[in-house]
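Colleague: This is the structure I have questions about; it appears just below.
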Amino acid sequence: MKLPDHPAYQQIMAVFAAADAPLRARAVCEAMDLEIAPNNVNRGISMPLDNTSPTAHSSPASTPPRTW
Numbered sequence: 001m002k003l004p005d006h007p008a009y010q011q012i013m014a015v016f017a018a019a020d021a022p023l024r025a026r027a028v029c030e031a032m033d034l035e036i037a038p039n040n041v042n043r044g045i046s047m048p049l050d051n052t053s054p055t056a057h058s059s060p061a062s063t064p065p066r067t068w
């Protein structure tokens with residue numbers, strides 16, 4: 001199987017080859033000196049739920065018991 005020749009792919013593979021443990025995407029980006037996006041990118045568009053909302057979390061009494 002032929003691997004891609006793109007320089008970014010080669011850089012990513014070099015980061016994984018040099019690692020001594022599994023890596024998360026953030027660690028790969030840091031190793032490649034890429035800008036890290038904030039973790040809360042999508043939080044600005046969510047709306048808080050109130051207790052009267054039909055989509056609010058159900059109460060524990062209405063949740064069926066687990067069967068494990």
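Numbering (the UniProt record's numbering), first residue to last: 1 to 68.
The beta carbon of each residue, even a glycine, is placed where N, CA and C say it ideally should be.
In three-state DSSP terms, what is P4?
Modeller: For the purposes of this step, residue 4 is identified with residue 4 of the sequence shown, where counting begins at 1. Note: P4 maps to coil in three-state DSSP.
Colleague: Output yes if chain D places a C-beta closer than 8 Å to the C-beta of F16; else output no.
Modeller: The displayed structure is made up of one protein chain only, and chain D is not part of it.
Colleague: Taking the alpha helix (DSSP H) that E30 belongs to, which residues open and close that run?
Modeller: For the purposes of this step, residue 30 is identified with residue 30 of the sequence shown, where counting begins at 1. A25 to A31 is the span of the alpha helix (DSSP H), which, as asked, contains E30.
Colleague: Straight-line CA distance for A21 to E35?
Modeller: Taking the sequence shown and counting its residues from 1, the one referred to as residue 21 is at position 21. Taking the sequence shown and counting its residues from 1, the one referred to as residue 35 is at position 35. For A21 and E35, the distance between alpha carbons rounds to 22 Å.
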